[in-house]
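*Asks:*
There are 2 protein chains.
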Amino acid sequence: MGRIVMKFGGTSVADLERIRAVSALVAKEVDAGHEVAVVVSAMSGETNRLVSLVDALDADCPPGEDKCGGDIHDEYDSIVASGEQVTSGLLAIAMRRRGIRARSWLGWQIPLRTDMAHSKARIAEIESSAIGPSLADGNVAVVAGFQGISDDGRISTLGRGGSDTSAVALAIALKADRCDIYTDVDGIYTTDPRIVPEARRLNRIAFEEMLELASLGAKVLQVRSVELAMNYNLPIRVLTSMAVEGQDNPGTLVCHEDQTMEERVVSGVAYSRDEAQITLLRLSDKPGMVAKVCKAMSDANVIVDMIVQGISRSDNAANLTFTVGERDLDIALAALEAAQEEIGFKAIKHDRDVTKVSVVGIGMRSHTGVAQTMFEALAERGINIEVIATSEIKISVLIDSEYTELAVRALHNAFDLHETKAPPVTAP
Amino acid sequence: MGRIVMKFGGTSVADLERIRAVSALVAKEVDAGHEVAVVVSAMSGETNRLVSLVDALDADCPPGEDKCGGDIHDEYDSIVASGEQVTSGLLAIAMRRRGIRARSWLGWQIPLRTDMAHSKARIAEIESSAIGPSLADGNVAVVAGFQGISDDGRISTLGRGGSDTSAVALAIALKADRCDIYTDVDGIYTTDPRIVPEARRLNRIAFEEMLELASLGAKVLQVRSVELAMNYNLPIRVLTSMAVEGQDNPGTLVCHEDQTMEERVVSGVAYSRDEAQITLLRLSDKPGMVAKVCKAMSDANVIVDMIVQGISRSDNAANLTFTVGERDLDIALAALEAAQEEIGFKAIKHDRDVTKVSVVGIGMRSHTGVAQTMFEALAERGINIEVIATSEIKISVLIDSEYTELAVRALHNAFDLHETKAPPVTAP
Numbered sequence: 009m010g011r012i013v014m015k016f017g018g019t020s021v022a023d024l025e026r027i028r029a030v031s032a033l034v035a036k037e038v039d040a041g042h043e044v045a046v047v048v049s050a051m052s053g054e055t056n057r058l059v060s061l062v063d064a065l066d067a068d069c070p071p072g073e074d075k076c077g078g079d080i081h082d083e084y085d086s087i088v089a090s091g092e093q094v095t096s097g098l099l100a101i102a103m104r105r106r107g108i109r110a111r112s113w114l115g116w117q118i119p120l121r122t123d124m125a126h127s128k129a130r131i132a133e134i135e136s137s138a139i140g141p142s143l144a145d146g147n148v149a150v151v152a153g154f155q156g157i158s159d160d161g162r163i164s165t166l167g168r169g170g171s172d173t174s175a176v177a178l179a180i181a182l183k184a185d186r187c188d189i190y191t192d193v194d195g196i197y198t199t200d201p202r203i204v205p206e207a208r209r210l211n212r213i214a215f216e217e218m219l220e221l222a223s224l225g226a227k228v229l230q231v232r233s234v235e236l237a238m239n240y241n242l243p244i245r246v247l248t249s250m251a252v253e254g255q256d257n258p259g260t261l262v263c264h265e266d267q268t269m270e271e272r273v274v275s276g277v278a279y280s281r282d283e284a285q286i287t288l289l290r291l292s293d294k295p296g297m298v299a300k301v302c303k304a305m306s307d308a309n310v311i312v313d314m315i316v317q318g319i320s321r322s323d324n325a326a327n328l329t330f331t332v333g334e335r336d337l338d339i340a341l342a343a344l345e346a347a348q349e350e351i352g353f354k355a356i357k358h359d360r361d362v363t364k365v366s367v368v369g370i371g372m373r374s375h376t377g378v379a380q381t382m383f384e385a386l387a388e389r390g391i392n393i394e395v396i397a398t399s400e401i402k403i404s405v406l407i408d409s410e411y412t413e414l415a416v417r418a419l420h421n422a423f424d425l426h427e428t429k430a431p432p433v434t435a436p
Numbered sequence: 009m010g011r012i013v014m015k016f017g018g019t020s021v022a023d024l025e026r027i028r029a030v031s032a033l034v035a036k037e038v039d040a041g042h043e044v045a046v047v048v049s050a051m052s053g054e055t056n057r058l059v060s061l062v063d064a065l066d067a068d069c070p071p072g073e074d075k076c077g078g079d080i081h082d083e084y085d086s087i088v089a090s091g092e093q094v095t096s097g098l099l100a101i102a103m104r105r106r107g108i109r110a111r112s113w114l115g116w117q118i119p120l121r122t123d124m125a126h127s128k129a130r131i132a133e134i135e136s137s138a139i140g141p142s143l144a145d146g147n148v149a150v151v152a153g154f155q156g157i158s159d160d161g162r163i164s165t166l167g168r169g170g171s172d173t174s175a176v177a178l179a180i181a182l183k184a185d186r187c188d189i190y191t192d193v194d195g196i197y198t199t200d201p202r203i204v205p206e207a208r209r210l211n212r213i214a215f216e217e218m219l220e221l222a223s224l225g226a227k228v229l230q231v232r233s234v235e236l237a238m239n240y241n242l243p244i245r246v247l248t249s250m251a252v253e254g255q256d257n258p259g260t261l262v263c264h265e266d267q268t269m270e271e272r273v274v275s276g277v278a279y280s281r282d283e284a285q286i287t288l289l290r291l292s293d294k295p296g297m298v299a300k301v302c303k304a305m306s307d308a309n310v311i312v313d314m315i316v317q318g319i320s321r322s323d324n325a326a327n328l329t330f331t332v333g334e335r336d337l338d339i340a341l342a343a344l345e346a347a348q349e350e351i352g353f354k355a356i357k358h359d360r361d362v363t364k365v366s367v368v369g370i371g372m373r374s375h376t377g378v379a380q381t382m383f384e385a386l387a388e389r390g391i392n393i394e395v396i397a398t399s400e401i402k403i404s405v406l407i408d409s410e411y412t413e414l415a416v417r418a419l420h421n422a423f424d425l426h427e428t429k430a431p432p433v434t435a436p
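For the record, the sequence lines run as chains A and B. The numbering used here runs 8 ahead of the 1-based position in the first sequence. The numbering used here runs 8 ahead of the 1-based position in the second sequence.
1) Under 9 Å, CB to CB, which of the residues in the stretch 101 to 119 of chain A have a partner in chain D?
2) What's the C-alpha gap between residue 122(A) and residue 135(B)?
3) Between the stretch 76 to 83 of chain B and the stretch 25 to 41 of chain A, do three or more beta carbon pairs fall short of 8 Å?
4) How about residue 148(B) and residue 180(B): are their beta carbons less than 7 Å apart?
5) Distance cutoff 7 Å, beta carbons only. Does residue 416(A) sit that close to anything in chain B?
6) With 16 other CB atoms within 10 Å as the buried threshold, where does residue 183(A) fall?
7) Could you tell me if residue 317(A) is buried or exposed, where buried requires 16 or more neighbouring beta carbons within 10 angstroms of its beta carbon?
8) Based on Cα-Cα distance, which residue from 307(A), 266(A), 292(A), 245(A) lies nearest to residue 260(A)?
9) Could you give the residue range of the alpha helix (DSSP H) that holds residue 297(B)?
10) With a cut-off of 7 Å, does the C-beta of residue 133(B) fall near any C-beta of chain A?
11) Which residues in the same chain have their Cβ closer than 8 Å to the Cβ of residue 426(B), if we skip the five residues on either side of it in sequence?
12) Would you mind sorting residue 200(A) into buried or exposed? The rule is 16 or more other CB atoms within 10 Å of its CB.
13) According to DSSP, is residue 25(B) part of a helix, a strand, or is it coil?
14) Based on DSSP bridge pairs, tell me the residues matched to residue 358(A).
15) Please name the residue, chosen from 237(A), 188(A), 236(A), that lies closest to residue 257(A) on a Cα-to-Cα basis.
16) Could you please tell me which residues of the stretch 139 to 163 of chain B, in chain order, have their CB closer than 7 Å to any CB of chain A?
17) Could you tell me whether any non-hydrogen atom of the ligand MG is closer than 6 Å to the CB of residue 237(A)?
18) Can you tell which of 24(A), 336(A), 415(A), 17(A) has the C-alpha that lies nearest to the C-alpha of residue 307(A)?
19) Check whether the Cβ of residue 68(B) lies closer than 7 Å to any Cβ atom in chain A.
20) Is residue 83(A) close to chain B, meaning its C-beta is less than 7 Å from at least one C-beta of that chain?
21) Here's a check: name, in chain order, each residue in its chain whose Cβ is nearer than 8 Å to the Cβ of residue 94(A), leaving out the five neighbours to either side.
22) DSSP state of residue 373(A), grouped into three classes?
23) Give me the chain B residues within the contact set of residue 94(A), using Cβ-Cβ distance strictly less than 7 Å, ordered along the chain.
24) Can you look up residue 246(B) in the DSSP assignment and give me helix, strand or coil?
25) Okay, do the stretch 408 to 415 of chain A and the stretch 105 to 119 of chain B touch, 3+ Cβ pairs below 8 Å being the bar?
26) In terms of alpha-carbon separation, which member of 292(A), 313(A), 290(A), 293(A) lies closest to residue 282(A)?
27) According to the neighbour-count rule (16 or more other Cβ atoms, all chains shown, within 10 Å of its Cβ), is residue 346(A) buried or exposed?
28) What distance in whole Å lies between the Cβ atoms of residue 16(B) and residue 89(B), which are believed to be in contact at a cut-off of 8 Å?
29) Does any residue of chain A bring its CB to less than 7 Å from the CB of residue 97(B)?
30) Beta carbon of residue 277(A), beta carbon of residue 378(A): below 7 Å?
31) Please report whether the beta-carbon of residue 77(B) lies at a distance below 7 Å from any beta-carbon of chain A.
32) Say whether chain A places a C-beta atom closer than 7 Å to the C-beta of residue 125(B).
33) Please list the partners that residue 80(A) has in chain B, where partner means a Cβ-to-Cβ separation under 9 Å.
34) Ignore the nearest five residues each way along the sequence and tell me which others in residue 373(A)'s own chain have a CB closer than 7 Å to its CB.
35) DSSP on residue 294(A), reduced to helix/strand/coil?
36) Taking only beta carbons into account, state which residues of the stretch 37 to 48 of chain A come closer than 7 Å to chain B, listed in chain order.
Now the structure itself:
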């Protein structure tokens, strides 16, 4: 008996049948004597439908007058958050019709307070003084994920995948014993099984590895949810909501490194196509120039990822290459053009057709030779590397998008990820 | 220059094209120097879509266990209110893209406070301390209609058509000069033009008449919106949102009787198929018996309409016949069965296939002979009258539903409603 948070993504609540199936999974935990808070996403496809409505109107500017009436992220949030509002109410009804007391909670009702960065807000605080007693009183709390309330009393949203972060933050605020993330896959894999059919489900993975994988494009968990869980040492279990009754569904436990137990150098290969490469040509060679670029990007709310400074062979001037999320490219380019004088560069080049491929593993800390294996595997297939970035536990390369599948397969093979290196460990 | 409230129903915001058209109508008023609050309904079809999701889950009770987990109106409200949330955000974006400052306001953000009768809540108070200054500051307020917040901090809704009431109440709270209700018809007609093609648009109609027509099934305005407007003497203009550019769109002005100016005895013929007839057989003949029936209905939140007490020819016992809204019939029957001993009756009969047909007119106050004309017209067509109810300005009869069109045409003709009795009056 304890307090648990369960989170169900869009495909898990895609229609009434799925919502009923979710209510059965929740009922099982309630019957086991747990206090349960459930975090739900919008029904699959609903967020896209709403976003497409917003985008169509957003584009209604007279020619040449970009964003004529200003930012619309506040209204985007109010519109898109309605998707989770619907699902939370529906699941609350489904729970009641099983005879289980339940009520929905919207972000502003909890309240889950965020900063003012509409459409990519960050959680500032979750009030537990209303929802906590309601749980203790035997009510299932069905929480609309992805949403909160900003200081001006408007609805805010946490960005795509934000429901994971809602769930983890709620679990921390409610001092829950664990957070189970139900999704449409049965755990975290060594790589995308659509590209490498031999990819293997991991029984456990360290927070740090999951963080890198999530940052690198493995879309199972939102990056910030993993950061949060790591900071508070909250174990997350990733498992499928589609398990057949009676069938084992251990999922993957994302937990502290000491608990992972499996010995391996590389845990997984990730890739992200949502990348764009920007190169600033012939930069003025003054101190603080990179800081100015980063400030311009940060002011525009654009996250800069891989950064490389180099010397152009043709004119011996300094160039700066970095990557941003592909959907931020236009904003980034506009911000850089506006700051061209301030930063001091001659021209901008950009490329949307790039993919970041990465190998990740806690074991890289104490093993050498990973980079060499990686670069050799890519070179053997004639794949050219544009940019390299490394951290303690990962190596990322930026390559031409058309080599994506080839690169992922080559690396999965080079690090023998299809083979189990340790006996499977059962999740608790 | 003044302050106006404009309200757009579901068909007026049915898709992005219509929302853009609405933004043009709003822009016109802004350009004329007005402060404008716009109240919007959900996109046409959206409320039905959401209600059907709710209904499907609501029906998930084990056989024999009706409403096993209790009332779900609170969750219904939270789910269905999302429709207006989306439209308000979309129209705010459309306004901004015309270069006009605008923001959406949800019921809880204003706040528009209601009682706790979820799914048919009544407005208790509209706070104008936030929205008023925002308007005065030059922002268009795009208000999600139909919704408010109840004392427990949950979303409440005002019942079908509630956006009209939102608009009128907001106009009163904001001390607006007028309230324009844009809809898919170009005004109030003498009767339903689908049944009587010769039906005529009225230039003006008295609050009292509109109130009867609205109560009687003319679906252009919600009853409570008319009551409110009458109590505060706020003129409502009903006009179409589909007018062709440059074409006259006077609509119908709903206003104080003295301002109607058109002389006529009967203004319109209304009908409502959303009726069900209940008869309690062999009632115990004790004082307060009807009061007990009314209390049972009121406790179940069911509105009782026409009431007739009679003596059964067969056994000389007292019977009580009354009508309720068809969608309340099951609730009403359940409540009556539960109170059978308390009220004291032998059996219940009910009939769903009944229609209420009514003639309405301020002039009936000072003219006799209306009832005679009405009953003769129906008798000539062999239409049997089940129940009769009258007020100062209307006569209603309950008939078998299959005679609905025949009865409406007969009455429209009997009162010469296709002829203009006074020269048309132009709305201000």
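Here a beta-carbon is modelled for each residue, glycine too, at the ideal position from N, C-alpha and C.
*Replies:* Let's see:
1) In the structure shown, chain D cannot be found, because the protein chains are A and B.
2) Whole-angstrom Cα-Cα distance: 25 Å.
3) Fewer than three pairs of CB atoms, one per stretch, sit closer than 8 Å, so the stretch 76 to 83 of chain B makes no contact with the stretch 25 to 41 of chain A.
4) It is not a contact, given that the beta carbons lie outside the stated cut-off.
5) Not an interface residue.
6) Residue 183(A) is exposed by the Cβ-count criterion.
7) A residue is called buried once 16 or more other Cβ atoms fall within 10 Å of its Cβ, and residue 317(A), having fewer, is exposed.
8) Residue 245(A) is the option with its Cα nearest to residue 260(A).
9) DSSP places residue 297(B) in the uninterrupted alpha helix (DSSP H) bounded by 297 to 307.
10) So no, residue 133(B) is outside the interface.
11) These residues qualify, in order along the chain: 198, 204, 206, 207, 208, 420.
12) With 16 or more other Cβ atoms inside 10 Å of its own Cβ, residue 200(A) counts as buried.
13) For residue 25(B), the three-state secondary structure derived from DSSP is helix.
14) Note: residue 358(A) sits in a beta bridge opposite 286(A).
15) Among 237(A), 188(A), 236(A), the Cα nearest to that of residue 257(A) belongs to 188(A).
16) Of all residues in the stretch 139 to 163 of chain B, those with a C-beta nearer than 7 Å to a C-beta of chain A are 161, reading in chain order.
17) The ligand MG is absent from the structure shown, which contains no ligands of any kind.
18) Nearest option by C-alpha distance: 336(A).
19) By the rule that beta-carbons nearer than 7 Å mark a contact, residue 68(B) touches chain A.
20) Output row for residue 83(A): interface = yes.
21) Excluding residues within five positions, the ones whose Cβ falls inside 8 Å are 50, 51, 54.
22) Residue state, collapsed to three classes: helix.
23) Near residue 94(A) (Cβ distances below 7 Å), the residues of chain B are 58, 87, 90.
24) Of the three classes helix, strand and coil, the one that applies to residue 246(B) here is strand, per DSSP.
25) Segment contact: the stretch 408 to 415 of chain A against the stretch 105 to 119 of chain B, fewer than three CB-CB distances shorter than 8 Å; contact not assigned.
26) Ranking the options by Cα distance to residue 282(A), first place goes to 313(A).
27) Counting Cβ neighbours within 10 Å, residue 346(A) comes out exposed, since fewer than 16 surround it.
28) With a Cβ gap of about 17 Å, residue 89(B) and residue 16(B) do not count as contacting.
29) The Cβ of residue 97(B) sits closer than 7 Å to at least one Cβ of chain A.
30) Contact: no.
31) Interface flag for residue 77(B) against chain A is set, since a Cβ pair is found closer than 7 Å.
32) No, no contact with chain A.
33) Within chain B, the residues near residue 80(A) are 97, 100, 101, 104, 105.
34) Hits under 7 Å: 400, 401.
35) DSSP places residue 294(A) in coil when its eight states are reduced to three.
36) Under the 7 Å Cβ criterion, the stretch 37 to 48 of chain A contributes no residue.
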